[in-house]
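Novice:
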Amino acid sequence: MKNILLLLISSSLLVGLVSCEDAHARSSDEGTSVIEVDSIGIKVNALLARMTLEEKIGQMNQYNGFWDVTGPAPSEGDAANKYEHLKKGMVGSMLNVRGVKEVREVQKIAVEETRLGIPLIIGFDVIHGYKTISPIPLAEAASWDLEAIKLSAQVAAEEAAASGINWTFAPMVDISRDARWGRVMEGAGEDPYLASLIAVARVQGFQGDDLSLANTIAACAKHFVGYGFPVAGKDYNTVDVGTSTLYNVLLPPFKAAEEAGVRTFMNAFNELNGIPATGSAFLQRDILKGEWDFDGFMVTDWGSINEMIAHRYAKNRRQAAEFAINAGADMDMESYAYVNELVSLVQEGRVDESLIDDAVKRILRVKYELGLFDDPYKYLDETVEKEVIGSQRIMDAALDMAIKSIVLLKNENNLLPLKKNGQKIALIGALANDKTSPLGSWRIAADDETAVTVLEGMQAYKGNTLTYEKGADVVTGETLFPKELTLNVSDKSGFSSAVTAAKNADVVVMVLGEHGLNSGEGRSRSEIGLTGVQQELLETVYKANKNIVLVLNNGRPLTIEWADEHIPAIVEGWHLGTQSGHAIAQVLYGDYNPSGKLPMTFPKNVGQVPIYYNHKSTGRPLDPGQGEVFWSHYTDVSNAPLYPFGYGLSYTTFGYSDLKVDVVSNDKVTVSVKLTNTGDVKGKEVAQLYLRDEFASVTRPVRELKGFELVELNPKESKIIEFTLTHAELGFYDNNGKYIVEPGTFSVFVGGSSDATLTSKFDLK
Ligand code: NOJ
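Quick note, the sequence shown lines up with residues -25 to -1, 1 to 740 if you use mature numbering (1 follows the signal peptide of the UniProt record, and there is no 0).
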């Protein structure tokens, strides 16, 4: 993202004005000599030349503020020593400082009290909204609506920027196939194609077209790389992935974010093939800064330099600092390693000062791009803060995103949508009346108790009689904060009133699942069913009234096989943020026809995990000819998931026909299909295209998503959907990370989920 000045002058005139590094000559179409000057590069170099080694290293040091600790509590840094380092110019960035007043306090010190007055870059986890909370990212991914996702990131950026923040640690673009991992809620699911497009939408939403505007913020693609593949789904655990998966599954969303101009990356806690990501030159220098030519900067994850000691890779903090800088980590978040160790490491010749210069240039560049040097207080306007945060426009965007994120999983006998009049409805479940849980786990700036509940959402529909019963509490495990959430989850004393309410109702709506704080960082689970006694509550109420609509609130795929077998209607309502209850009520009452599709496979039981649609064929796929035993399967559960990737119903139905494939060239294949709304109401469908490379030099998945379109159709209306497959969709990375397209036969599948059956074949010569 170089700030380029185009000068149509003779190159000799430039000699002495700018260094070669900042100016590149090329010939224009008209034959004139065009010199591209990196104007920010010039300023960065000039500033760098005035900096002492200590000041340079200060830019590479990031401290947490005094509150909102999002990692193990800081023991050093300015939280402990009252801005002493900040005043000396030894801090380049702070995180978790928020609000115009607080940010101004630290920015003023950086700008007015340090020798060079270099402004701080203020980082924060703006993951799904800032104060107004939008759906968790996994839910947003279920919308498959890239414009809505972009808007959601854009309004989050506006709110955060109005609060003094200029850098978000998002999007998390880690692919994950393991629903036990608590942070699946923060990503876009299991598929690299969908996740790459979503990564781009989020980067564009946060950063906009002009980073220097006061309502756009720098984005951060994290966690580079492999963090979503912890062994056994346990957060922070070892990661062990093969080359093919690394290149074809894990790296593509990062590459897409880089190509979309993301200004920063964050490395990861995990190791990858024996090397901690923070100390990996292969990842940070060779791939990111080398092959991809990334010119922004890499921040470490919280304390991840120090964690290389716990990994038993670095012997002490000093060695960890040496490993991290040599490997390409530019800014140290909360390890206090750079600030304490780098000066002497450079003086002793263990770290080359050119690496420090490179890191500092990258950091300064982003600060210039943000316009912080032009006006370090540009994000700090109390009037804007008041106007923007929680404004109607932002609330509306949060509601729109929430509605679009809901997935209808089952709807037997069209129990949904609910009739709007004359019905007795029993609403049951603690989550139906919880004003905090829908905010999810990344909601540091949001106030507790600010989400609209399902109870409130349904109360807005006055034509029915609504009775509410909690039934049972929901929080379990070690989710002990906020403190008041430590509840007796084995208490069944609410069951009998729930049963009575159900007996007297025409329809029962049960809101069950997991609390917003049951998923997220550090919140992996070994069982992924309904928490506490909710399953028992569901089965007990079912005995009293079978007309149940189950609304799930959750941050990950859950194992709900019993519910799928027995409960007639199931709605995936995730953790949908501030407007949650309104969104769910509008879908239940049919004011919005659900259009979401799952971005992650739902397993039947936890033993199937990791389970994902784009798996390999294996040497022993299902082949009835081979007999019952010796093929790749379990003896106690089928290989099929409960709900596949890409699955989701609507209040209408859709039909696919007339699949046509045309091989225009080896680099262009067009596929068309006729999509018809075969039902009685208007609705939206995500038409999906999957590809299988039948035989390849490296084995390929049984199918891979390579195109989709979100289409709205009136009843009986049809539309021809056209997909174009090019080089980007037809190939794959070999085991050396080289992208290749191989001749041969491909199968194409088109339909409304990854189980699509309409199929055709084509050959590439
Ligand atoms: C640790 C998390 O892994 C990372 O995603 C987050 O941005 C930092 N903490 C800062 O809160």
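Note that beta-carbon positions come from the ideal geometry of N, C-alpha and C, so glycine has one too.
Note that this is a predicted model, so its numbers are computed, not measured.
DSSP three-state label for H198, please.
Specialist: Within the sequence shown, numbered from 1, the residue matching residue 198 stands at position 223. The answer is strand: DSSP assigns H198 an E or B state.
Novice: Would you tell me roughly how many angstroms separate the C-alpha atoms of L263 and F269, rounded to the nearest one?
Specialist: Taking the first residue of the sequence shown as 1, we reach residue 263 at position 288. Taking the first residue of the sequence shown as 1, we reach residue 269 at position 294. About 6 Å.
Novice: Name the residue from P251, I140, L533 whose alpha carbon lies nearest to the alpha carbon of S279.
Specialist: Working through the sequence shown from its first residue, we reach residue 279 at position 304. Measuring from the Cα of S279, the nearest candidate turns out to be P251.
Novice: For S640, which residues does DSSP report across the bridge?
Specialist: Along the sequence shown, read from residue 1 onward, the residue named residue 640 stands at position 665. S640 is bridged to K643.
Novice: Under a three-way DSSP split, which group does N388 fall into?
Specialist: Within the sequence shown, residue 388 is the residue found at index 413, counting from 1. Residue state, collapsed to three classes: helix.
Novice: List in chain order: all unbroken alpha helix (DSSP H) runs of 4+ residues lying wholly within the region 101 to 187.
Specialist: The region 101 to 187 contains these whole alpha helix (DSSP H) runs: 112 to 116, 121 to 137, 167 to 182.
Novice: Just reading off the alpha helix (DSSP H) that Q294 is part of, what are its end residues?
Specialist: The count along the sequence shown starts at 1 and reaches residue 294 at position 319. 292 to 302 is the span of the alpha helix (DSSP H), which, as asked, contains Q294.
Novice: Verify whether the separation of the beta carbon atoms of R79 and L355 is less than 7 Å.
Specialist: Within the sequence shown, residue 79 is the residue found at index 104, counting from 1. Within the sequence shown, residue 355 is the residue found at index 380, counting from 1. The answer is yes: Cβ separation under 7 Å.
Novice: With contact counted as at least three CB pairs below 8 Å, one residue from each stretch, are the region 554 to 567 and the region 426 to 446 in contact?
Specialist: Touching, per the Cβ criterion.
Novice: Name the residue from K125, I381, A207 whose alpha carbon lies nearest to the alpha carbon of Y626.
Specialist: For the purposes of this step, residue 626 is taken as the residue at position 651 of the sequence shown. When each option's Cα is compared against that of Y626, the closest is I381.
Novice: Considering only C-alpha positions, which residue in the set K467, A615, G415 is nearest to G548?
Specialist: Numbered from its first residue, the sequence shown carries residue 548 at position 573. With distances taken between Cα atoms, G548 lies closest to G415.
Novice: Determine the direct distance from the alpha carbon of Q554 to that of A372, and round the result to whole angstroms.
Specialist: Reading the sequence shown from its first residue, position 397 is the one you call residue 372. Reading the sequence shown from its first residue, position 579 is the one you call residue 554. So the alpha carbons of these two residues sit roughly 10 Å apart.
Novice: Let me know the secondary structure DSSP gives T220 once reduced to three states.
Specialist: Within the sequence shown, the letter at position 245 stands for residue 220. T220: helix per DSSP, three-state reduction.
Novice: Can you list, in chain order, the residues of its chain whose CB lies under 6 Å from that of R25, leaving out five sequence neighbours each side?
Specialist: The residue labelled residue 25 in the question sits at position 50 within the sequence shown. Same-chain partners within the cutoff: there are none.
Novice: Helix, strand or coil for S728 per DSSP?
Specialist: On the sequence shown, residue 728 is found 753 positions in, with the first residue counted as 1. The answer is coil: DSSP assigns S728 none of H, G, I, E or B.
Novice: Can P676 and K591 be called in contact, C-beta distance under 7 Å?
Specialist: In the sequence shown, the residue the question calls residue 676 occupies position 701. In the sequence shown, the residue the question calls residue 591 occupies position 616. Taking 7 Å as the Cβ cut-off, P676 and K591 qualify as a contacting pair.
Novice: Within 8 Å, do at least three Cβ pairs link the region 499 to 518 to the region 534 to 543?
Specialist: In short, these stretches touch, since the Cβ pair count reaches three.
Novice: Report yes or no: do the region 113 to 121 and the region 80 to 95 share at least 3 C-beta pairs separated by less than 8 Å?
Specialist: Counting Cβ pairs under 8 Å, fewer than three are found: no touch.
Novice: Cβ-heavy atom distance between F144 and the ligand NOJ below 6 Å?
Specialist: The residue given as residue 144 occupies position 169 in the sequence shown. Yes - the ligand NOJ has a heavy atom lying nearer than 6 Å to the Cβ of F144.
Novice: Taking its Cβ as the centre, do 16 or more other Cβ atoms sit within 10 Å of N568, making it buried, or is it exposed?
Specialist: Locating residue 568 in the sequence shown gives position 593, where the first residue counts as 1. Looking at its Cβ environment, which holds 16 or more other Cβ atoms inside 10 Å, N568 is buried.
Novice: In three-state terms, what does DSSP make of L23?
Specialist: In the sequence shown, residue 23 corresponds to position 48, counting from 1. Of the three classes helix, strand and coil, the one that applies to L23 here is helix, per DSSP.
Novice: For the alpha helix (DSSP H) containing Q434, list its first residue and its last residue.
Specialist: For the purposes of this step, residue 434 is taken as residue 459 along the sequence shown, with counting starting at 1. That run of the alpha helix (DSSP H) goes 429 to 434.
Novice: May I ask whether a heavy atom of the ligand NOJ can be found less than 6 Å away from the beta carbon of D210?
Specialist: As a first step, residue 210 is located in the sequence shown; it is residue number 235 there, counting from the start. It does not: the Cβ of D210 is nowhere closer than 6 Å to a heavy atom of the ligand NOJ.
Novice: By the 10 Å Cβ neighbour count, where 16 or more other Cβ atoms means buried, how is R238 classified, buried or exposed?
Specialist: Here residue 238 refers to the residue found at position 263 of the sequence shown. Looking at its Cβ environment, which holds 16 or more other Cβ atoms inside 10 Å, R238 is buried.
Novice: When we look at the beta-carbon of Q182 and count the other beta-carbons within 10 Å, is it buried (16 or more) or exposed?
Specialist: Counting from 1 along the sequence shown, the entry for residue 182 is found at position 207. Buried, because 16 or more other Cβ atoms sit within 10 Å of the Cβ of Q182.
Novice: So V644 packs on R340, CB below 8 Å; how close in whole Å?
Specialist: Translated into the one-based positions of the sequence shown, residue 644 becomes position 669. Translated into the one-based positions of the sequence shown, residue 340 becomes position 365. With a Cβ gap of about 41 Å, V644 and R340 do not count as contacting.
Novice: Does Y311 have its Cβ less than 7 Å from a Cβ in chain B?
Specialist: As a matter of chain content, chain B is missing from the structure shown, which is built from one protein chain.
Novice: Are the region 161 to 179 and the region 209 to 218 touching by the rule of at least three beta carbon pairs closer than 8 Å?
Specialist: Short answer: they don't touch.
Novice: Report yes if the C-beta of W417 is less than 6 Å from at least one heavy atom of the ligand NOJ; otherwise report no.
Specialist: Here residue 417 refers to the residue found at position 442 when the sequence shown is read from its first residue. No, Cβ of W417 sits at least 6 Å from all heavy atoms of the ligand NOJ.
Novice: Would the C-beta of W277 count as close to the ligand NOJ, meaning under 6 Å from any of its heavy atoms?
Specialist: Within the sequence shown, numbered from 1, the residue matching residue 277 stands at position 302. Correct: W277 has its Cβ closer than 6 Å to the ligand NOJ.
Novice: If you reduce the DSSP assignment to three classes, tell me which class T253 lands in.
Specialist: For the purposes of this step, residue 253 is identified with residue 278 of the sequence shown, where counting begins at 1. Three-state DSSP puts T253 in a helix.
Novice: Am I right that G556 and V723 are in contact with their C-beta atoms under 8 Å? What's the rounded C-beta distance?
Specialist: Working through the sequence shown from its first residue, we reach residue 556 at position 581. Working through the sequence shown from its first residue, we reach residue 723 at position 748. No, G556 and V723 are not in contact; Cβ-Cβ is about 41 Å, not under 8 Å.
Novice: Can you say whether T454 is buried or exposed, counting buried as having 16 or more other CB atoms within 10 angstroms of its CB?
Specialist: The residue given as residue 454 occupies position 479 in the sequence shown. With a pLDDT of 49 at T454, under the threshold of 50, the modelled position of that residue is not reliable, and the figure given next carries that caveat. T454 comes out buried.
Novice: V314 and H60 look like a contact to me (Cβ under 8 Å); what is the Cβ gap, rounded to whole Å?
Specialist: Translated into the one-based positions of the sequence shown, residue 314 becomes position 339. Translated into the one-based positions of the sequence shown, residue 60 becomes position 85. About 7 Å; that satisfies the 8 Å criterion.
Novice: Compute the Euclidean distance between the alpha carbons of K290 and S319, then round it to the nearest angstrom.
Specialist: The count along the sequence shown starts at 1 and reaches residue 290 at position 315. The count along the sequence shown starts at 1 and reaches residue 319 at position 344. Whole-angstrom Cα-Cα distance: 17 Å.
Novice: Is any heavy atom of the ligand NOJ found at a distance shorter than 6 Å from the C-beta of D100?
Specialist: One-based indexing of the sequence shown puts residue 100 at position 125. Yes, the ligand NOJ has a heavy atom inside 6 Å of this Cβ.
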